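Residue numbers (the working numbering), protein chains in the order written: chain F, 54 to 266; chain R, 54 to 266.
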DNA sequence: TCCCTGTTGTTACGGATTTCACAACCGTAG
DNA sequence: CTACGGTTGTGAAATCCGTAACAACAGGGA
């Protein structure tokens, strides 16, 4: 029924939602696709088309009710509830992720943390005890977790991903510098600032830094 | 000449390069588009097509020379030299970025760090003195910097971006939870794990966590 | 030398995504 | 009650991108 909605569209919805939340904070009650588009560098037509996959939310001549559309988007994306997250890897990166304050307010709660380093196991990170990675499967089978976050070295990541998948996890946020292999029904998003930089250098490599002197 | 190469293609090249580097570490000297594709979940045709934008690097019947192709990709992407990076914002996130060990080995060197918090200014992060954000423009005009990394709160990010752009920076890695507005000639990549998670929830929201019990 | 296997580079096709363009419509003003 | 400015929702057109398919060719073996 809702099938065949392009993934690119889904990826834009959270961006719209974020902008709407910002508009709401500014006290705006109504916004047009035009105005929203300017704010997001997206064409108005794109916004309207994206939204049209899910229903009719606007009012001709006026635009969209900011809070109303935000609520709709949150419902569509499943953001109207809490999500339970397990973090694997508490090295420097893993710790930074655990301590990052941006997840909780959005409903993503880190309920379990794992590592294979004996020195880390048993310590606490953000009020959560670090468990032995060896207990990953056991724990996940007994405690519902929705999303797995992988923050282990690249060479260990595929194994962690495999175990998350075989334990039934269907969404993985991967910080490891590799391309995880997962079944089609598992959602994966990769976070890799190095790749991001490496693609930008293509565009700036021709000119001298800072426009030369 | 090299014009009209789709951005999606450029974004895949670093992924290919990373896989080739891994293959080289494993001692592989030759790889086919088939094999590389399996590793990256990309069709062989896609890889060949992407590469064909830049030249002919393979040998029929054999495949690609791993080190040779890697060198070519690095050259195409401009990774065959060092890049100077300025980091703005040394809160929790900024510090984690500064201390993240993944940039330096890839040739991205953080040469300057800025913050507006008087308590942070003058301290050092990773051997680099934290400068006053007020001196951003002055510093950038006197010291060549290629890439700006924005790690300030969302409400302050656009201002920082504007100042980076007006100082001549042409590539920005944005960690702030907003969509920066920049001129067309400036490359921007956004890193936002929350958005990544928020798009995944769409796909998993129908089923009970962990397949229910 | 000739044939066979394997793999590239490339063109043509088809599908997916974005953009365009406009009828339908809302609310307000006269 | 009608006209008008503004904006949506959407089908059609245009563009962009990925896939398929195959001729060309390298290397090895008989």
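We treat Cβ as the ideally placed atom computed from N, Cα and C, and that holds for glycine.
Predicted, not measured: the structure shown is a model, and the values here were computed from it.
Self-check item: Closer than 8 Å to chain F by CB, residue 179/R
Solution: no
Quiz item: To which residues of the same chain is residue 121/F closer than 8 Å at the C-beta, ignoring the five residues directly before and after it?
Solution: 110
Exercise. Kindly list, in the order they appear in chain F, the residues whose Cβ is closer than 8 Å to that of residue 159/R.
Key: 247, 250, 251
Practice problem: Anything in chain F within Cβ reach of residue 68/R, meaning under 8 Å, just list it in chain order. | Solution: 232, 248
Quiz prompt | Inter-stretch contact (C-beta, 8 Å, three-pair minimum) for the segment 90 to 99 of chain R and the segment 61 to 74 of chain R | solution = yes
Self-check item: Contact with chain F by residue 200/R, beta-carbon distance below 8 Å
Solution: Yes, its Cβ sits closer than 8 Å to a Cβ of chain F.
Quiz item: When the Cα atoms are used, what is the spatial distance from residue 201/F to residue 242/F?
Solution: 11 Å
Quiz prompt | Closer than 8 Å to chain R by CB, residue 256/F | solution = Residue-level contact check: residue 256/F touches chain R, since one or more beta carbons of chain R fall below 8 Å from its beta carbon.
Quiz item: Which word fits residue 253/R, buried or exposed, when buried means at least 16 other C-beta atoms lie within 10 angstroms of its C-beta?
Solution: buried
Exercise. Could you tell me whether the Cβ of residue 122/R comes closer than 8 Å to any Cβ of chain F?
Key: no
Quiz item: Could you check where the alpha helix (DSSP H) with residue 90/F kicks off and where it finishes?
Solution: 86 to 93
Quiz item: Relative to the alpha-carbon of residue 157/R, which residue among 76/R, 148/R, 137/R, 178/R has its alpha-carbon at the smallest distance?
Solution: 137/R
Exercise. Measure the alpha-carbon distance for residue 135/R versus residue 224/R and round it to whole angstroms.
Key: For residue 135/R and residue 224/R, the distance between alpha carbons rounds to 14 Å.
Quiz item: Cβ of residue 224/R less than 8 Å from any chain F Cβ?
Solution: yes
Quiz item: Is DSSP giving residue 254/F helix, strand or coil here?
Solution: helix
Quiz prompt | residue 219/R classed as buried or exposed, judged by whether at least 16 other C-beta atoms fall within 10 angstroms | solution = exposed
Self-check item: Whole-Å CB distance - residue 166/F paired with residue 151/F, under 8 Å assumed
Solution: 6 Å
Quiz prompt | Beta-carbon contacts of residue 119/F that lie in its chain and below 7 Å, excluding the five residues immediately before and after | solution = 73, 76, 77, 81, 82, 83, 84
Quiz item: Straight-line CA distance for residue 227/R to residue 233/R?
Solution: 8 Å
Practice problem: Could you name the residues of chain F that residue 152/R contacts, counting a contact when the two beta carbons are closer than 7 Å? | Solution: In chain order: 145.
Quiz item: To the nearest whole angstrom, what separates the beta carbons of residue 204/F and residue 144/F, a pair I think is in contact under 8 Å?
Solution: 7 Å
Quiz prompt | Contiguous beta strand (DSSP E) assignments of at least 3 residues, all confined to the segment 179 to 227 of chain F | solution = 181 to 185, 200 to 203, 224 to 227
Quiz item: What alpha helix (DSSP H) runs, 4 residues minimum, are completely inside the segment 105 to 164 of chain F?
Solution: Complete alpha helix (DSSP H) runs here, min 4: 119 to 130, 145 to 152.
Practice problem: Taking C-beta pairs closer than 7 Å, name the residues in chain F that residue 156/R reaches, listed in chain order. | Solution: 247
Quiz item: What is the DSSP secondary structure of residue 45/F, counted as helix, strand or coil?
Solution: Nothing about residue 45/F can be reported from this structure: the residues present for chain F run from 54 to 266 only.
Exercise. Just the chain R side, please: which residues come within less than 7 Å of residue 90/F by C-beta, in chain order?
Key: None at all; the shortest Cβ gap to chain R is about 11 Å.
Self-check item: Option nearest residue 247/F by Cα separation, candidates 60/R, 160/R, 221/R
Solution: 160/R
Practice problem: Quick one: residues in its chain with C-beta nearer than 8 Å to the C-beta of residue 199/R, no 5 flanking neighbours on either side, listed in chain order? | Solution: Hits under 8 Å: 136, 137, 138, 222, 223, 224.
Quiz item: When you compare each of 117/R, 208/R, 123/R to residue 142/R by their alpha carbons, which one comes out closest?
Solution: 208/R
Practice problem: For residue 235/F, name the three-state secondary structure that DSSP assigns. | Solution: coil
Quiz item: Using 8 Å as the limit for Cβ to Cβ distance, is residue 129/R near chain F?
Solution: yes
Quiz item: Does any CB atom of chain R fall closer than 8 Å to the CB of residue 94/F?
Solution: yes
Self-check item: Boundaries of the beta strand (DSSP E) in which residue 240/F is found, first to last residue
Solution: 240 to 243 is the span of the beta strand (DSSP E), which, as asked, contains residue 240/F.
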